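Residue numbers (the numbering used here), protein chains in the order written: chain A, 14 to 284; chain B, 461 to 981.
We treat Cβ as the ideally placed atom computed from N, Cα and C, and that holds for glycine.
As the structure is a computational prediction, the values presented were derived from the model and not from experiment.
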Amino acid sequence: MTKLHFSRKQLCIPYALFLLLFVVIPMLMILFYAFTGEGADGSLTFTFSNFAKFFTSTAKLSTLLMSFTIAIISTAICLLIAYPLAYVLARSNWKKKNVLLMIFIMPMWINFVLRITALRELLDLIGLLGTQNYLNTIIGMVYDFLPFMILPLYTTLEKLDKSYLEAAADLGGNKFTVFTRVTFPLSMPGVISGITMVFMPSMTNYVVSDTLSNFNITILGKLIDEYFTTYDNWHMGSMISIILLVIIFLTLLATGGFKEDKNNARGANLW
Amino acid sequence: MAEMKKAKLSPEPKGETSPLKKEEKIIEIVGVSKIFDDTAAVDNVSLYVRKGEFITFLGPSGCGKTTTLRMIAGFDIPTSGKILLNGKDITDLPPNKRPVNTVFQRYALFPHYNIYDNVAFGLKLKKIPVTYVNDKGETYTKMQKLTRKEIDEKVKNALAVVDLEGFEKRSVSTLSGGQQQRVAIARAIVNEPEILLLDEPLGALDLKMRKEMQIELKEMHKKLGITFIYVTHDQEEALTMSDTIVVMKDGQIQQIGTPTSIYNEPANAFVANFIGDSNLFNGTMVGAKLVRFCNHNFKCLDDFEKNEKVDVVVRPEDIKMTNADEGMLKGQVISVVFKGVHYEITVKVGKTEVVIQNTESRNVGDTIGLDILPDGIHIMKKAFTENKYDGYITKKNTVVFGDGEFECDVTQLYPGSHLDEEGYLITAEGEQLDLTDTDVKVEVGFQSIEISDNAEEGGAQGHIVSIIYKGDHYQVIVRTEENEEDYVLDTEDLWNENDFVGVKIAPENIRLTLKQEIKQK
């Protein structure tokens with residue numbers, strides 16, 4: 014019996030194929046559709062008109078603004094809820110803290126549509142449904158994406174070398190200064206990781222906004238969907254996708270998400 | 461100097477004033493214990509640190525040295541006991557309120573700050589009293605932060621002390637291990653602490669760097685004039701740098717002394733073995749300053765009771781090689797290893813292996829003689845941890861040992877057994893056993909024995925023959941008259957030598973094992 018031997022190159026082939034089929038080709042197709050348009054005779058021509066149309070349409074710009082606002086508020090609320098929880102859990106010596114963490118993470122294991130439908134019923138029960146569309150959408154986003162904020166924060170804070178905190182206290186820092194000058198700055202990789210995990214889907218996850226606002230709130234993801242399905246305009250849909258991609262890329266750049274992780278607080282990039 | 465240091469563990473000597481004045485002590489640790497999850501990391505440690513000295517806590521990992529340091533820093537709070545700083549109780553004070561700074565094992569430099577901000581961290585938080593004169597000519601003081609200029613100056617000075625001028629703007633990750641180490645030291649000393657704590661600060665450096673830093677740290681200590689408390693497991697480092705060494709093991713202090721006194725007069729076999737290479741022999745005192753080991757009687761300088769079993773330590777460099785028939789011992793060379801300056805030669809003498817260091821070499825297989833001069837022989841009392849006796853069970857289910865008779869729990873010999881009304885032991889399987897005259901081994905811990913003035917109260921009676929102060933308690937030895945059996949016990953009460961006392965042991969503290977079972981193994 015001879016053993017099977019694969020070289021590193023050979024092992025790469027399936028992944029390269031996967032990348033080509035599901036990342037590179039689709040991206041090229043989106044780029045192609047975004048910068049082309051159908052002429053009167055049905056022929057495809059290169060054009061910037063989709064781009065121009067997007068930024069001259071008040072409706073589309075207001076959708077962009079709406080998505081942005083909802084995403085920012087949802088992300089901020091997630092951070093405000095998740096940070097103290099992750100901090101307390103990470104710093105406690107409680108042996109069963111994993112159980113508590115699990116309870117917060119568990120919703121992730123339940124089907125997403127089912128969760129949102131259940132939330133809709135709950136909001137209906139307390140009379141919010143149909144009256145508070147923005148609030149409901151934000152509640153839905155926070156509920157849905159909170160685990161994605163908790164996990165990276167918890168991992169970062171857990172792995173944070175306690176000697177940094179001891180050093181800060183040793184040098185005269187009280188609990189507050191230790192937190193503001195050492196703990197929080199060192200947990201930034203987790204914060205950024207959490208923000209990206211929550212912010213991006215909050216801009217696009219229109220199942221949440223549709224279900225909880227009775228189709229009254231349109232976010233960017235919904236707009237893309239409408240162009241591809243309802244209007245059958247792949248060119249505009251592709252252009253919006255690219256604009257969204259650029260926005261997310263710029264957000265990451267602004268928060269420093271691409272910076273190399275030099276400090277010891279590793280494990281933040283869990284995803 | 462050595463004599464002064466040796467007095468450290470003992471209480472104020474009776475009838476004479478302590479040679480050390482109270483104000484010289486900067487840190488005093490009084491009966492401190494730290495228990496983590498039921499195990500004592502530090503077990504009833506008492507010591508003090510004199511102002512300005514370089515003191516090293518030395519011991520293997522898990523000996524409690526780092527925990528002791530962390531309690532001085534304030535990171536861990538003692539389970540019991542007190543820590544005094546300049547006579548004031550600081551046991552429960554948080555780290556930021558203590559005039560103490562730490563150099564951490566892995567430096568713990570803040571990765572999100574550059575070198576300047578790391579060093580300035582403590583200064584930026586510091587508030588100092590500043591005196592002002594107001595319009596009416598009255599003076600008043602205000603606590604205020606250091607100015608930017610003052611901070612700049614201090615940071616610059618601190619970086620100069622550690623030879624890192626011009627590194628202010630560099631980021632931590634661009635520095636080598638040795639440079640990070642220096643920044644960590646600068647960050648601590650810039651705050652002008654009364655005590656600098658160093659937790660194995662050189663552990664992560666390579667050998668050459670470590671040697672250099674040892675010398676630099678020692679020079680820094682002289683220059684700064686503050687107290688250094690240093691933790692290491694490296695005996696050579698401790699011997700090189702310290703004024704005083706505290707040797708620890710299993711959370712307890714084994715010996716406190718100067719490097720010379722610890723090396724030359726180790727208090728017990730552990731210290732001897734830990735500090736430098738050594739040969740350890742089981743010996744017996746056979747006369748006045750005469751000890752027998754390796755089937756030879758050696759003259760020595762220490763005097764112990766005749767027939768006492770002792771530990772004998774001989775340093776490899778203290779053994780001289782002679783011609784085969786001229787030495788006190790005779791043996792065969794079984795290995796020779798060149799160690800740079802000297803050869804390490806292992807010689808088999810009878811059944812014992814003896815290690816020698818010498819600049820001269822011998823060939824493997826050579827038969828040579830060995831000489832040991834009296835000043836090369838260090839004799840130490842055997843460290844007991846337990847009283848052990850041979851005994852037997854009586855008809856009444858008591859146990860006779862050590863010239864006495866004690867009530868005991870015989871059911872421990874057979875798990876799950878109990879006694880019936882007639883005093884027979886019924887095993888878990890229902891078997892009936894008569895234990896009368898069963899030979900047993902008896903073990904009793906030092907803490908389990910009580911002594912009483914009323915001699916008749918005890919299961920055995922004897923005179924107190926020895927009282928040794930062990931830092932926080934006395935170790936007392938009671939010797940019976942009939943067979944000279946010894947009971948070693950720990951007590952907090954002070955007794956007098958020659959007191960006639962009764963020895964009391966609670967039945968549950970007498971551990972019995974069957975002798976036959978041991979033989980069967």
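Check	Outcome
Identity of the residue in 634/B, 577/B, 972/B and 913/B nearest residue 614/B by Cα	577/B
Inter-residue Cα distance where the pair is residue 963/B and residue 892/B	32 Å
Residue 481/B versus residue 511/B - alpha carbon distance	Note that residue 481/B scores 46 on pLDDT, short of 50, meaning its location in the model is unreliable and no value can be drawn from it.
Which of helix, strand or coil DSSP assigns to residue 415/B	In the structure displayed, chain B extends from 461 to 981; residue 415/B sits before or after that span and is not available.
Integer Cβ distance of residue 60/A from residue 48/A, believed to fall under 8 Å	7 Å
CB-CB length for residue 867/B against residue 858/B, believed under 8 Å	5 Å
Integer Cβ distance of residue 705/B from residue 698/B, believed to fall under 8 Å	5 Å
According to DSSP, residues forming a beta bridge with residue 789/B	830/B
Minimum C-alpha distance to residue 835/B - residue among 769/B, 803/B, 644/B and 762/B	762/B
Beta carbon of residue 618/B nearer than 8 Å to that of residue 560/B	no
Check whether residue 533/B and residue 554/B have beta carbons under 8 Å apart	no
Residues sharing a beta bridge with residue 812/B, DSSP	809/B
Inter-stretch contact (C-beta, 8 Å, three-pair minimum) for the stretch 145-164 of chain A and the stretch 88-99 of chain A	yes
Minimum Cβ-Cβ distance from residue 134/A to chain B less than 8 Å	no
Below-8 Å beta-carbon distance, residue 171/A vs any chain B residue	no
CB-CB length for residue 200/A against residue 178/A, believed under 8 Å	Contact doesn't hold; Cβ gap of about 11 Å is too wide.
Backbone secondary structure at residue 207/A - three-state DSSP	helix
Per DSSP, the bridge partner or partners of residue 804/B	797/B and 817/B
Within chain A, partners of residue 562/B - CB distance below 8 Å	179, 180 and 183
Any C-beta of chain A under 8 Å from that of residue 660/B	no
Contact the stretch 142-149 of chain A vs the stretch 223-230 of chain A: 3+ CB pairs below 8 Å	yes
Cβ of residue 282/A within 8 Å of any chain B Cβ	For residue 282/A, the pLDDT reaches just 44, beneath the cut-off of 50, and the residue's location in the model is therefore unreliable, leaving the point undetermined.
CA-to-CA distance, residue 839/B to residue 588/B, given in whole angstroms	55 Å
Between the CA atoms of residue 565/B and residue 632/B - distance to the nearest angstrom	16 Å
Boundaries (first-last residue) of the beta strand (DSSP E) holding residue 586/B	Here residue 586/B belongs to no beta strand (DSSP E), and DSSP marks it neither H nor E.
Where residue 483/B falls: helix, strand or coil (DSSP)	Confidence in residue 483/B is poor, its pLDDT being 49 and thus under 50, which makes the residue's placement too unreliable to answer from.
Residues in the stretch 630-642 of chain B having any Cβ partner in chain A nearer than 9 Å	631, 632 and 633
Contact under 8 Å by Cβ, residue 583/B with residue 643/B	no
Chain A contact for residue 517/B (CB, 8 Å cutoff)	no
8 Å Cβ cutoff, residue 27/A in contact with chain B	no
Spatial distance of residue 203/A from residue 268/A (CA atoms)	12 Å
Extent of the continuous beta strand (DSSP E) run through residue 938/B	934-939
Residue-level contact to chain B via CB, residue 106/A, 8 Å cutoff	no
Residues of its chain near residue 917/B, where Cβ-Cβ distance is below 8 Å and the 5 sequence neighbours each way are ignored	962 and 964
Proximal chain B residues relative to residue 165/A, where beta-carbon distance stays under 7 Å	Correct list: empty, because the minimum Cβ distance to chain B is about 18 Å.
Entirely enclosed alpha helix (DSSP H) segments - the stretch 187-248 of chain A, minimum 4 residues	188-191, 201-217, 219-226 and 233-241
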